Structure formats: structure tokens, C-alpha cells
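This report refers to the structure that appears directly beneath it.
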Amino acid sequence: MIRRKGNLIKMDTPHTSLVLKAEGDGAELLYYGKTVRFGPDFSLLSGEDKRLLFSSYGSVDFRESGLVVLLSDGSAATRFSFVRVRRMEKPSALPLPASYGEADTVCLEFADEYAKLRLYLYYSVFSDCDAIAVNVQLTNAGKKPVRIRKISSLQLDLIGEGYSLVTFDGSWGAERTRHETPVNGTLVCNESRTGSSSPFHNPFVMLERKGEVYGFNLVYSGNHRETAEGNNRRQLRFLSGIGGLFEWTLEAGETFTAPEAVMTFGENRDEVTSSMQTFAAEHIVRGRWQKRVRPVLVNNWEGTYFAFDRERILTIAKASAEAGAELFVLDDGWFGHRDDDTSSLGDWTDYAEKTGGLASLADEIRALGLKFGIWMEPEMISEDSELYAKHPEFAMRPMRREPARMRNQLMLNLADKQVQNYVVRAVSNIIVSTKAAYVKWDYNRHITDPYGKGVAAGEYAHRYILGLYAVLQRLTEKFPLVLFESCASGGGRFDPGMLAFMPQTWTSDNTDARERLTIQEGTAYAYPTISMGAHVSASPNHQSGNRTPLETRFNVACGGVLGYEMDISRLNDREKEIVKAQIAYYKKYRELFQFGRYYRLEEKDGTGGFVFVSADQTKAIAVVTAKEKVTGQANARYRLKGLNPQYDYIVKPREQSNYASCEEFTAAGDMLMQGGVPTDLFCDTENDTNSVYARMLFLRRAPARR
Ligand code: GLA
């Protein structure tokens, strides 16, 4: 809800309030935190140093500014004064994706009369989660072009000390590992310069100190930059927006729309996670799959890599159907003459010698009772391809300079309309000819040679992303029934921008259960677990070499949307039975796994895990884990979360082939959360490995005691 009183504007989400004062030469943030009443005393919050909603270059505030515009007279200082505030519909950010759904929106308009610029800040509040979406637009109302050097999507000025910037960083196979950096007297920066949101630094960050956690994200898949700058006046400035090389020419009369930002406040990390997950699940993910249970899939990649033929695929598919899987995904290697990663990207035509006919292979897989899904990497081109021979100009490279290659491939110049059309055609043809129900959309390298004919270097990276979004918009509109899963060498592009088109993202190529716990936990800080692809793969694990019991691999993979990525036809009979029982168990509780409210179990003494709780709190599934050898966990306890303290629960450990069976027992919700359960209740140290231990517990409400 948004209300106004004189020059004050108050925005309320269910548990937070944001109060602004807008007048004269600008606008000031008075308060952002836990809900407060609209009292008469807000002027007390106005400090010696104003907390600004945006800052422009060339003022006496010498901290990093959110807006830098080079004017046609050669100057670069801009000064905006407040013009007016209006209630209105949430603006469209097209061609950028943005949050949708019922929201209350207010627009604050500012003008720099000298520079002939208009700046619009839109704040939208939702009634079902503590998230505020912010949209920024800059209009050139003058007669000459200006150049935007920087335009932040969000600025939040705070007063106080002791904040840390929490970031989710990593690399291939180690995405979204949490780091905390204190913000003291200088600037702390989280930036991606790869052209994508990247595995290195996710756009989701938090600013926190005890009892106070702010979460921020950007609905954008390209270069981004988040900074937190502290100083000895106890000021802290947070900025988030497009990063990397950026300089945009804004012609007379044009408007630039910055990617949407979202912010939330909570008293602890769990509250921020809940708001961010709800925001993404309810206001970012859209379309047919938003509220639908997701199929259990089998993907052949780690089972075969490039070395498959029709028979091998059908053998795996048959075993998948027998195990109870619902979707078979044919991964890389089915097109052109692709037998390794040196060729054929761009030639999205059947490699018939291998597939024996792709369309009929898809039919045969369907005849087994499975849906058919397919891997593509539509943004790429191999130099060894027919496409490159015919259209070398489609590649993103200055023609006479030797480009940097990653995974032996180049990228397509998606900033170009003709290339966009080609990609839409190529993907459409495959979906139509194979009747695919699912597409895994991969992206296996970063931008190194940003170049497109006629596109200024400083505009390229953003124009690429706009081109990508235009393609995704067309394809998702054309194929509303298809389930798209985004992938970027694993989880290299896990962001709200991609989620607006593709409801799932492959979380990481690292399928090692122990390491996955960290990656999945980091991802779930901001993204719904139903958007996280999580697969059971072979042991020893192909990435880490660790050995992990099949049951443990399953328990960990249930932290996301379950799949199997191995040649399950080669499992022995006992293992096949285990997999069958796992899939049946998952399907039985699928609603809870996929739509239950997620809670992280604090990592303590090497133990941790996660819980999914039903909306009415009568059911829950917990996965309790220990990363160290369980015998070393003397006196460790799992404290569950999200249960109803007033209810009693019957706790039933899932029967696991690698542990002695464990009787169900009844315990009070408050005891399970406050006191916790001893870790050794579930473990059987003799059978344990020293990789990781995980046990799954199903809880249901016990009949009330009298
Ligand atoms: C990337 C993906 C993998 C797989 C391979 C195929 O690495 O992340 O899951 O699809 O490409 O080449």
C-alpha cells in the first residue's frame, strides 16, 4: 500500500515500511525497515546528511554516484529537482523483463532544466511479499544527444556502522558461495564483466548487521555492478545496476529504461530469503509452468557425453521409464557432426548417423511413456559449422582480429535483428520437428570480443542482452507449453532476468552431493528451490571424484527439481530398485518438495540441511546433513524450522538402503525447533562415508493430545 501526507510518501509491504520525503531540490529517504505507523514525527529521521534516492555526478557529494551523463556541451554535472509524484500503473520495462502482478506504484519525477533531462523513479509494492520493485527511466528532453556513462537501477543510502556486504560468488562448479565483506571506510564492489550475470558474482546481494538485513537483486542477465561505500560519517551508499563497459547514447526525445531492481528488508536472513523467493516465484516466473509440478527427468549428458547412438539413448530412456521418470532429455551431440565440442554449434540439424533420425527417436521415446526434451546452445557458433561458412558475419567478432575462444566456440551477434531471426527459426524448427516438451537452453562461454557492426562498444553488452530477451520473448510466446530450463555451463546465468522466461535453471555442473549443498544453499538465498535443477549423478562423482551413497545423492538433489544424470540402464538391479523407490517417494511428496516453504538449517558443527513446510504447517520434509564424519559430531543437534510450535509431529525417517531403518517417533514442534534432535538418532556410522551424510525425514501433524 502507498499513502501520501503532504510531502511524505509511505510505502508498506506486509512487514516493512519505506518513507520518503519529496520536495524542492530532491527527494530524501527517511526510513526503510520494519513496519512503522504513519506518525507525525518523521522529520526526526531527516539527518544532517540526507539519504538520497539517487545521486548524480558533479555535486559536492563525492561518493560514487548512481547517474553519470555526459552532456552535449562537454560538461558532466547534472542537478535534478523534484517535479511531482503520481500514482500510476507499474511501467513496462520492455524489452527488458520485469516483475508483474498486482502492485501499488508511485512515480517520482525529477528534472534538470539545464541538461533538459527528466528522471523517473517508480516504486512498486506488492501485498504478498516484502519486496519493493524499483524502475528507473531517463528521458532526453533536449535537442541534442547525451551519453549515459552510468545509470543505477537502485540507490539505498543507509546511516550506521557495522554493515557487511554479503555476496554469492564462485566460478564454474562452485557457483554462489556466500562471502561476507565488512563495509567500513571504503567501497566494496560486486561486479560481473563477462557479459552475463555470471558464475563469478551473482546480482543478488545483502547488506546486513545484527537484526537488520537488506536484500537486493536485479532483473537482468548481463553485466551488473553492486557497490557499498562506507565513510567515517557513518554513511553507507548502496548502488546496483548495469556494470562492465557501458556508455549509451540517448538521442533527443529518447528514453532509457534501466533494468528493474528489487529490494527487501528483514530482521534476519530467513525473512529476506522468504521475500526474495516469493517475489521470484509469484512475480518473476510466469506462464504455464509457474504453478505446475515439474517432471522428474533423466538427462544423458554425464551418462554418455558425446558418445552415444540411437540404441544407447533408447536403452537409457527405457530404463528411465521403468524407474518412473517422466521426461527424457537428449543433451549435447545430436546435431551437425558434433562428436566433441569443436564443431557444429549453429547447425541445428539432425546428426542422423548418430540419432538414426531425431524426430523418430523422439517418437520412440514418447512411446515409452516419457516426454521428450532437447539440449540446444542457440547463442553460439562453431567456426567448424555450415552456418559459419555461410554467415561468418553472424559471429560476434571483429573480422580481422583473432578472437578469444572459449570451449572452442564463438558467440553469435544477438544484437543484430537478422541473427535474432535466425535463432528464433532454428529453435522453432527443432521444437516443432521433435515435438519437444522441454528445452535446455545452454550458454557455454562469456563475451570476450564485444562487437557488432554499427554498434558502439559501450552499448554492445546491453544490446546483446536486449537481443537475447527479444528472442526469448518470441520463443516463449510461440511455445507456451514448453518447459525451458536455462543453463550456462551449469549455473553461470542464474538470475531473475532469465527466470522471467525460463522457470528453471540448471544450478551447477557440479553434481557432487557435498559441494552441491553449498551451491544449492547459496542459490536458495534468493531463488525458489523449484527453479533449481538438481540431478543425481554417478559415484565417484565426475567433477570432484568423491564417492557418495546413492541415497545421499538423492536426498541432496531433492533440494531442487529432481533429475538423474547418468546411464541408469547400467545400474545393477539393486540400484535400479533404489532409484525406482526414490522417484516414487519424490512423486508422493512432490507438492511439498516443489511448493513447500523453504528453510535453511543453520550450518553448525558441520551439520546443516533444509526443510520444506506445507502452507498449513501440517506436513514437512527435512533433509538433515553432516559434512564431516558423523562420529565427530558429538552432541550436535538439528534444530528444525518453520514448524508450528503448537503442533506435535510424527517424524518418519525415509527408509534408506544405506542406513539401518529408523523408527518413527512423535515430538512437539517447539521441541523440534528449539531443542532440536540429536544427529546420531539417524545415522549409522558404520555405513557412513566421509564424503557427506544426509538423511530425509517426513513430518506430519500428530492428532492433538488431550
Ligand atoms: C554445459 C552444461 C552441461 C552439458 C554440457 C554439454 O557444460 O552445463 O550440463 O549440457 O554443456 O556440452
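Going by the numbering used here, the letters in the sequence shown line up with residues 1 to 706, in that order.
Backbone N, C-alpha and C define an ideal beta-carbon position, used for all residues, glycine too.
Note that the coordinates shown come from a computational prediction; the quantities given were computed from them, not determined experimentally.
Contact set for residue i: own chain, Cβ-Cβ below 8 angstroms, skip 5 residues either direction
i      : result
TYR451 : MET396, ARG397, PRO398, ASN413, ALA457 and TYR460
LEU481 : ARG288 and ALA437
GLN646 : GLY669 and ASP670
ALA404 : THR448 and ASP449
Beta-ladder partner(s) of residue i, from DSSP
i      : result
VAL579 : Beta-bridge pairing links VAL579 to no other residue.
MET88  : THR105
ASP169 : THR177 and HIS201
HIS462 : Paired residue(s): none; HIS462 is not in a bridge.
PHE372 : PHE328
CYS129 : According to DSSP, which records beta bridges pairwise, CYS129 is partnered with nothing at all.
ARG118 : ALA111 and THR139
ARG3   : LYS10
LYS150 : VAL68
THR35  : Answer is none; THR35 lacks a bridge partner.
PHE265 : TYR214
LEU239 : GLN155 and THR227
GLU23  : GLY26
TYR163 : TYR163 is not bridged to any residue.
PHE82  : PHE110
HIS15  : According to DSSP, which records beta bridges pairwise, HIS15 is partnered with nothing at all.
ILE381 : LEU410
Nearest to residue i (by Cα), restricted to the options the options
i      : options                           : result
LEU697 : ASP670, ASN644, HIS391 and LEU640 : LEU640
PRO182 : GLY74, TYR647 and ASN231          : ASN231
GLU477 : MET1, THR304 and ALA500           : ALA500
ALA133 : VAL219, GLU577, TYR469 and TYR31  : VAL219
GLU260 : GLY669, ALA252, GLY560 and TYR120 : TYR120
ALA622 : GLU603, ARG233, VAL651 and TYR647 : VAL651
SER55  : ALA626, SER46 and LEU29           : LEU29
ARG84  : LEU158, GLU191 and GLY24          : GLY24
LEU236 : PRO378, ARG292 and ARG63          : ARG63
LEU368 : THR167, ALA98, LEU138 and ALA317  : ALA317
GLU251 : PRO145, GLU664, SER197 and GLY211 : PRO145
SER124 : ALA93, LYS116, ASP112 and LEU297  : ALA93
PHE216 : TYR57, ALA702, THR13 and MET276   : MET276
ILE242 : ASN202, ARG234 and VAL213         : ASN202
ALA636 : SER99, ALA258 and LYS604          : LYS604
THR105 : PHE82, THR194 and THR13           : THR13
GLY142 : PHE610, SER569 and ASP73          : ASP73
7 angstroms Cβ shell around residue i - same chain, five flanking residues per side excluded
i      : result
ARG407 : ASP341, ASN444 and ARG445
GLY173 : GLY490, SER508, ASP509, ASN510 and GLN543
GLU686 : Here GLU686 scores only 49 on pLDDT, less than 50, and its place in the model should not be relied on; the value that follows carries that caveat. Once the five neighbours on either side are set aside, GLU686 has no close Cβ partner at all.
GLY253 : ASN140
GLU364 : LEU314
Residue i classed as buried or exposed, judged by whether at least 16 other C-beta atoms fall within 10 angstroms
i      : result
VAL60  : exposed
MET88  : exposed
ASN268 : exposed
PHE394 : buried
ASN572 : exposed
LYS417 : exposed
GLU208 : buried
MET1   : exposed
ARG37  : exposed
GLU302 : buried
ALA694 : buried
GLN420 : buried
PHE554 : buried
TYR114 : exposed
THR35  : exposed
ASN135 : buried
LYS453 : exposed
ALA660 : exposed
GLY559 : buried
LYS390 : exposed
6 angstroms Cβ shell around residue i - same chain, five flanking residues per side excluded
i      : result
GLY596 : PHE612, VAL613 and SER614
PRO295 : GLU326 and LEU327
GLU226 : ASN190, VAL205 and SER240
LYS354 : ASP309
SER537 : GLU302, THR511, GLU565 and MET566
LEU45  : LEU30 and TYR31
PHE246 : GLY458
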